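A.B. asks:
Residue numbers (the UniProt record's numbering): 1 to 180.
1) Apart from the five residues just before and just after residue 76, which ones in its own chain have a Cβ nearer than 6 Å to its Cβ?
2) Determine the DSSP secondary structure at residue 166, reduced to helix, strand or coil.
3) Could you pull out every residue in the same chain whose Cβ sits closer than 7 Å to the Cβ of residue 32, ignoring the five residues on either side in sequence?
4) Residue 31 lies in the alpha helix (DSSP H); which residues open and close that run?
5) Counting Cβ pairs closer than 8 Å, one from the stretch 82-90 and one from the stretch 33-53, do we hit at least three?
6) I think residue 51 touches residue 20, with their Cβ atoms under 8 Å apart; what is that distance to the nearest whole Å?
7) In three-state DSSP terms, what is residue 155?
8) Helix, strand or coil for residue 54, going by three-state DSSP, please let me know.
9) Buried or exposed: which applies to residue 48, given that a residue is buried once 16 or more other Cβ atoms fall within 10 Å of its Cβ?
10) For a test of the three-state rule: what should DSSP assign to residue 88, helix, strand or coil?
11) Could you check where the beta strand (DSSP E) with residue 118 kicks off and where it finishes?
12) Considering residue 188, what are the terminal residues of the alpha helix (DSSP H) in which it resides?
13) Residue 118 and residue 14: beta carbons closer than 8 Å?
14) Can you check DSSP and say which residues form a bridge with residue 24?
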């Protein structure tokens, strides 16, 4: 979260047709942002290009989700997930994100593409308690070990659902039940 920025309770609504697109280098610095991203997040192109993508990280997001995402991406696999993002003015917006490694001809990761769209409210209601518990775990510990415990909690939740992470997230996006 940018220094001095206080999150507000104001949500920026996304339309059904919004597609937020960005590209980063392997270190997570933004190399491309579409106009819709700039408009919704409230940043200019100059402010975004070269900035770490976590410029839009909302403090309500558990760090364990990001750790899990980076582990998935570094394995060369795509990641789907629900993310609460922070705007430049402190407001927020929820997205359903699909992050994909950009591989060269030798399957070496050159960067990452992210396409985000409006998530269904049913999915947000489903992940909010999960994220709240992950944040609680992270707050009760310290440093990397607390984040690892948060990821372990997420993996246990998935095991209870009987689903792989991306499958669970896509099912939530499509309003399918997780179990069964």
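Glycine residues also receive a C-beta, built at the ideal position from the N, C-alpha and C atoms.
Note that the structure is a prediction, hence the values are computed from the model and not measured.
C.D. replies: Looking at the atomic coordinates:
1) Same-chain partners within the cutoff: 101.
2) Residue 166: helix per DSSP, three-state reduction.
3) Counting only Cβ-Cβ distances below 7 Å, and skipping sequence neighbours, we find 22, 23.
4) First-last for residue 31: 30-33, but that is the beta strand (DSSP E), not the alpha helix (DSSP H).
5) At 8 Å Cβ cutoff, the stretches touch.
6) Between residue 51 and residue 20 the beta-carbon gap is near 15 Å, outside 8 Å, which marks them as no contact.
7) In the structure shown, residue 155 falls within a helical segment according to DSSP collapsed to helix, strand and coil.
8) Helix at residue 54.
9) Here residue 48 is buried, its C-beta having at least 16 other C-beta atoms within 10 Å.
10) Three-state DSSP puts residue 88 in coil, outside helix and strand.
11) Per DSSP, residue 118 lies in no beta strand (DSSP E) and is assigned neither H nor E.
12) Residue coverage of the chain in this structure runs from 1 to 180, which leaves residue 188 outside it and unanswerable.
13) In contact: residue 118 and residue 14 (Cβ atoms closer than 8 Å).
14) Partner residues in the beta bridge of residue 24, as assigned by DSSP, are 30, 112.
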